[in-house]
Amino acid sequence: MSENSDLSRIRILDPATVNQIAAGEVVERPASVVKELVENAIDAGAGLITIDLTASKDAIMVIRVTDDGCGMSPADAGLAFAPHATSKIASIGDLNRLRTLGFRGEALATIAAVSRVTLVTKPRGSGAVIPGTRIVIEGGKVLTTAETGAPDGTSVLVEDLFFNTPARKKFQKSRNTELAHIHDILEGICLSYPGIAFHLSFNGTEQIVTDRTTHTLDTVARLFGSGVSRDLVPVEASLSFLSINGFISRPVLARKDRARMFVTVNQRFVSSPLINDAIKAGYGTLLPKDRFPVAFLNLTIDPMLVDVNVHPTKKQIRLSREKEITEMIRASVRNALLAHDLIPAAKPPEAGLAPVPGPSAAPFRSYDLSGVPAPAGVFESTHAGTVATDQRLRQTELPVGSGPAYLASSLLPEIVVIGEFGGIYILARTAGDDLLLIDQHAAHERILYEQVTGQTQETRPSQELISPVVLHRTPKEAAILRDLLPVLALEGFILEGFGGDAFVVRAVPVVLGRLEETTIIDEIISDLVSEEAAQTVSNRERIARIIACRGAIKAGTICTREQCQRIVDQLRRMKNPFTCPHGRPTMIRFTRKELDTMFKRV
Ligand code: ADP
Ligand code: MG
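Numbering-wise (numbering that gives the first Met the number 0), the sequence shown opens with residue 0 and increments by one.
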């Protein structure tokens, strides 16, 4: 059995097959075709790019992308479909100074390999000197090439996508899913190139229309409505090799997914989990861990530090000096947030809401609070309760002068407590005309948290217990706890093994105070050993949050007005007074104007 066929099983694939295989990577779906064609139009210097889609009830049938860019000469038009034909780079070194989106020279070749393409193009400004060209190519084979009259620029029509790759065709999702992908891609592109006007139509109906603008916010408003831009704050920063500008959302706009995190690197829309994480990290405790901000950020990075040639669709990139870059992103996001007033406004009620008809027709009296000392609410608490609360509050009292100089530049305005509600909310007003509802537990939690995390090793956060406390745990909990002992010690918790699965607690963090009720220790340790699931933060961070939560005044504890005022005054010194460490708001604001609107006074 030594036939020739056995000796020569390897053969060089014909170019058409090679292109069909390559198409698998570059042209995954209709949205990839749109992406490649639109990017070519951008590279051609277009000012207006029109995308027309025609669909049957279950699939996108025709994609046409038209631009007013530089167009192609008849010779170039003939070459454009050849594999690895590009006008954008000459050698690999050019990648380091790439100014175009394309460079691989494979998009047109691969699209033409799996569909029927009609190209009509004419060089810009060539008048009658150079004719337009029309080329029809199907499954990689040129069917016709002809001179034609044409406007300046290029139009590429793609039909019968995947007609010769049935497997790929079968994997296409529903028409609406494909349409959603096209929207996603175009949104990213529109935001990367606000200077270009984009028109997308679907079966003749306009779906996206952006104007040429120099302001990203105009494009944001066009795409997502003007309401979004109201809750954005600007970000700007630059280093020698990196600059950042754009907008991020106030925490109120947070979403359950990352779909509204738009990042461009050197005007290329990218999806980088690394960069997204850095943005999210900038919010710190302003957002719960399963919420993501809205962000429109443009990064300009020295091209030497960015490798765009990682993936055929170029959506992923690789960064050198990754640590510095992500740290800078995190810091700029954080600074931008801190520089802006982040108290969420109370949502005005739905329009058309009728006033609630009360049983008694007597109207409430309206008070003009401005200038008049605020009347006190009802404060009733047992003496013992007041003493216990006082003890807790004293622990978080920052000595004036020694604390950070935040008070002078507090992020919160001056706040005067008016009363309390249900042992949960503090009612307060600002010197301006705002009414604040403050969550006393969340506020105190924030205060404790910043104290715990603000401590350095030298400030000796530990305080010995007069009588050590013994804790008994299950074997599993004991195992987790044993691993955590060194980290706990860093935070001021000194625990030692006490035989079997028991531990003795000798010292606790100073912020917990002279513990009257040692149950807090048990609570903290229980939280710590039980919460091991979904660990997205470091153990130190987790311990700090738990201490803050357990050490803080509980909801339901009635505080006196003085105590409420102390909480508020302490809160004003915080670096981030707006949320508790878990990202819940510490306060909600009703402006006078909002209240007037709610009461239909205006
Ligand atoms: P790449 O964009 O990586 O260079 P493509 O296969 O997408 O590769 O395009 C091949 C070449 O065809 C481009 O380099 C460019 O010269 C030309 N071309 C493609 N589309 C256009 C267009 N819309 N306008 C002008 N030239 C185009
Ligand atoms: Mg291209």
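Don't be surprised by glycine CBs; every beta carbon is placed ideally from N, CA and C. Keep in mind it's a predicted model, so treat the numbers as computed, not measured.
Could you pull the start and end residues of the alpha helix (DSSP H) that Gly192 belongs to?
Here residue 192 is Tyr; the residue named in the question, Gly, does not match the sequence. Run containing Tyr192: none; DSSP gives neither H nor E here.
Should Asp482 go down as buried or exposed, given a rule of 16 or more other Cβ atoms within 10 Å for buried?
With fewer than 16 Cβ atoms within 10 Å of its Cβ, Asp482 is classed as exposed.
Could you check if Gly224 belongs to the surroundings of the ligand MG, using beta carbon to heavy atom distance under 8 Å?
Exclusion of Gly224 from the 8 Å shell around the ligand MG follows from its C-beta lying no nearer than that to any non-hydrogen atom of the ligand.
Less than 9 Å between the C-beta atoms of Leu426 and Phe295, yes or no?
Taking a C-beta distance under 9 Å as the contact criterion, Leu426 and Phe295 do not qualify as a contact pair.
CB of Glu27 to nearest heavy atom of the ligand MG: below 8 Å?
No.
Got a sec: does the ligand ADP put a non-hydrogen atom nearer than 8 Å to the Cβ of Asp75?
Indeed, a heavy atom of the ligand ADP lies less than 8 Å from the Cβ.
What residues does the ligand MG have around it, judged by CB closer than 6 Å to any heavy atom, in chain order?
For the ligand MG, the selected residues are Glu35, Glu38, Asn39, Gly101, Ala106.
Taking 9 Å as the CB-CB cut-off, is Leu487 touching chain B?
In the displayed structure, chain B is absent; only one protein chain is listed.
Buried/exposed call for Leu238, threshold 16 Cβ in 10 Å
When all chains shown are included, Leu238 counts as exposed.
Verify the contact flag: Cys579, CB atom, against every heavy atom of the ligand ADP, threshold strictly below 8 Å.
Cys579: no, Cβ never under 8 Å from the ligand ADP.
Taking the CB atoms as reference points, tell me whether Ala253 and Phe291 lie closer together than 9 Å.
With a cutoff of 9 Å on beta-carbon distance, Ala253 and Phe291 are scored as near each other.
Buried or exposed: Ser31, going by 16 or more other Cβ atoms within 10 Å of its Cβ?
Buried, because 16 or more other Cβ atoms sit within 10 Å of the Cβ of Ser31.
Straight-line gap, Ala603 to Asn297 (C-alpha atoms, nearest Å):
Past the edges of the chain, shown from 0 to 601, lies residue 603, and the structure says nothing about it.
Within 10 angstroms of the Cβ of Ser466, are there 16 or more other Cβ atoms? Answer buried if so, exposed if not.
Note on Ser466: under 16 other CB atoms within 10 angstroms of its CB, so exposed under the neighbour-count rule.
One question on the structure: do Arg472 and Ile546 come within less than 9 Å of each other, judged by their Cβ atoms?
Taking 9 Å as the Cβ cut-off, Arg472 and Ile546 do not qualify as a contacting pair.
With distances taken Cα to Cα, identify the nearest neighbour of Ser248 among Leu286, Ile59, Cys563, Val305.
Distances from the alpha-carbon of Ser248 to those of Leu286, Ile59, Cys563, Val305 put Leu286 closest.
If you run the structure through DSSP and keep just helix, strand and coil, what is Thr164?
Of the three classes helix, strand and coil, the one that applies to Thr164 here is coil, per DSSP.
Segment limits, beta strand (DSSP E) that includes Gln315:
Careful: Gln315 lies outside any beta strand (DSSP E) and carries neither H nor E.
Tell me the residue span of the alpha helix (DSSP H) that contains Met597.
Where Met597 is concerned, the enclosing alpha helix (DSSP H) stretches over 591–597.
Residue ranges of each beta strand (DSSP E) run of no fewer than 3 residues wholly in the stretch 105–143, ordered along the chain?
With a minimum length of 3 residues, the unbroken runs of beta strand (DSSP E) contained wholly in the stretch 105–143 fall at 115–121, 131–137.
Just how far apart, CA to CA, sit Phe589 and Ile446?
Near 23 Å, if we compare the C-alpha coordinates of Ile446 and Phe589.
Could you check the C-alpha separation between Ser55 and Lys313 for me, to the nearest Å?
Just so you know, the alpha carbons of Ser55 and Lys313 end up roughly 30 Å apart.
Beta-carbon spacing of His214, Pro233 below 9 Å:
For His214 and Pro233, no; Cβs fall outside 9 Å.
Span of the beta strand (DSSP E), counted from its first residue to its last, around Phe223:
DSSP places Phe223 in no beta strand (DSSP E) but in the uninterrupted alpha helix (DSSP H) bounded by 215–223.
Boundaries of the alpha helix (DSSP H) in which Gly550 is found, first to last residue
Per DSSP, Gly550 belongs to the alpha helix (DSSP H) from 538–550.
In the structure shown, what three-state DSSP assignment does Asp210 receive?
Reduced to three states, the DSSP call for Asp210 is coil.
Shorter than 8 Å, the distance from the beta carbon of Ser86 to the closest heavy atom of the ligand ADP, or not?
For the ligand ADP, at least one heavy atom lies less than 8 Å from the Cβ of Ser86.
Can you pull the DSSP bridge partners for Met303?
Answer is none; Met303 lacks a bridge partner.
Between the C-alpha atoms of Ala21 and Gly101, what's the straight-line distance to the nearest angstrom?
Approximately 16 Å, taken between the alpha carbons.
Would you identify the three-state DSSP class for Pro398, choosing helix, strand or coil?
Bear in mind that the predicted position of Pro398 carries a pLDDT of just 45, short of 50, making it too unreliable to give a figure here.
Count the other C-beta atoms from every protein chain shown that fall within 10 angstroms of the C-beta of Ala488, then say buried if there are 16 or more, exposed otherwise.
By the neighbour-count rule (16 or more Cβ atoms within 10 Å), Ala488 is not buried but exposed.
State the Cα-Cα distance for the pair Arg63 and Val119, rounded to the nearest angstrom.
Going by the C-alpha atoms only, they are around 11 Å apart.
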